[in-house]
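Worksheet: one structure, shown below.
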Amino acid sequence: MLKNQQNKNKGGGGNNNNKDKDKNKDKNKDNKDNKDKDKEKKDQDKNKQDQDKKDQDKQKQDQKDQQGQQPNQLSKDDAQRMLDALNNDEKQTQDKLKNKKLKGAKVPISKDW
Numbered sequence: 018m019l020k021n022q023q024n025k026n027k028g029g030g031g032n033n034n035n036k037d038k039d040k041n042k043d044k045n046k047d048n049k050d051n052k053d054k055d056k057e058k059k060d061q062d063k064n065k066q067d068q069d070k071k072d073q074d075k076q077k078q079d080q081k082d083q084q085g086q087q088p089n090q091l092s093k094d095d096a097q098r099m100l101d102a103l104n105n106d107e108k109q110t111q112d113k114l115k116n117k118k119l120k121g122a123k124v125p126i127s128k129d130w
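Numbering (this note's numbering) for the sequence shown: 18 to 130.
This is the structure:
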């Protein structure tokens with residue numbers, strides 16, 4: 018009786034095992050395909066995120082460059098104020114020199130008595 022059951026398992030059951038194996042192979046292929054698709058999708062997402070990050074870094078760098086150039090450039094009003102301040106300083110210096118010349122040098126007086 019055990020032999021009969023073993024023969025059934027080998028013969029008749031073997032067909033079922035083959036069908037099961039085929040189904041398992043198909044499932045494994047599907048799972049593998051799904052995993053590959055998931056992996057590709059993750060890679061694409063990662064690449065997209067990396068690209069977005071690079072773009073953001075580039076934009077930040079461009080903004081820093083623009084901000085770095087702005088302090089070097091003076092507005093028209095700032096330039097005018099600076100010129101006025103320099104002119105006022107020059108005027109004050111010239112006035113001081115004129116006042117010294119007008120006073121004249123002190124001449125020592127020799128007493129002749």
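For each residue, glycine too, the CB sits at the ideal point set by N, CA and C.
Assign residue i to one of three DSSP states: helix, strand, or coil.
i: Leu114; result: helix
i: Gln90; result: coil
i: Asp129; result: coil
i: Lys108; result: helix
i: Lys123; result: coil
i: Gly31; result: Any reading at Gly31 must be qualified, since the residue scores a pLDDT of 47, below 50, and its modelled position is unreliable; the value itself is stated next. If DSSP states are grouped into helix, strand and coil, Gly31 belongs with the helices.
Is any heavy atom of the ligand SAM found at a distance shorter than 8 Å from the C-beta of residue i?
i: Asn51; result: Inclusion of the ligand SAM in the displayed structure is not the case, the ligand content being empty and no account of it being possible.
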